[in-house]
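Have a look at the structure below before the remarks.
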Amino acid sequence: MTKVLILDANQQPLYPVRISRARLLLSQGKAAVFQRYPFTIILKEPFSHLKLEQLGFKIHPDVKNKK
Numbered sequence: 042m043t044k045v046l047i048l049d050a051n052q053q054p055l056y057p058v059r060i061s062r063a064r065l066l067l068s069q070g071k072a073a074v075f076q077r078y079p080f081t082i083i084l085k086e087p088f089s090h091l092k093l094e095q096l097g098f099k100i101h102p103d104v105k106n107k108k
């Protein structure tokens with residue numbers, strides 16, 4: 042499943058969306074192509090009701106680096 046990177050009007054990253062959703066936003070005129078590689082779209086209007094969640098990961102404490 043391929044995802045498209047998306048930026049809000051203030052160029053802050055949002056969660057990636059599916060190609061179909063990005064195509065819909067582009068055809069409705071709510072977004073524009075920001076960058077071709079990696080394919081990124083930018084929203085034309087700011088959305089104040091969207092909540093940005095931080096992405097993170099955890100490392101298991103028993104994992105050791107092998108050299």
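This note's numbering applies: residue 42 is where the sequence shown begins, and numbers increase by one. The C-beta atom is built at its ideal place from N, Cα and C for all residues, glycine as well. All of these numbers come straight from a predicted model, not from anything done at the bench.
Using only the alpha-carbon positions, how far apart do residue i and residue j sit?
i     : j     : result
Leu66 : Arg77 : 16 Å
Ala72 : Thr43 : 18 Å
Tell me which residues share the same chain as residue i and place their Cβ nearer than 8 Å to its Cβ, disregarding the 5 neighbours each side in the sequence.
i     : result
Pro79 : Leu46
Thr81 : Val45, Leu46, Ile47, Leu48, Val74, Phe75
Pro87 : Asp49, Ala50, Asn51
Below 8 Å on the Cβ atoms is my guess for residue i versus residue j; work out the distance and round it to an integer in Å.
i     : j     : result
Leu48 : Pro54 : 6 Å
Going by beta carbon distance, what residues of the same chain come within less than 7 Å of residue i, once the five residues before and after it are set aside?
i     : result
Ile60 : Thr43, Val45
Arg62 : none
By Cβ distance below 6 Å, which residues in the same chain neighbour residue i in space, the five residues on each side in sequence not counted?
i     : result
Leu84 : Asp49, Ala50, Ala72
Give me the DSSP bridge partner(s) of residue i.
i     : result
Thr43 : Thr43 is not bridged to any residue.
Arg59 : Lys44
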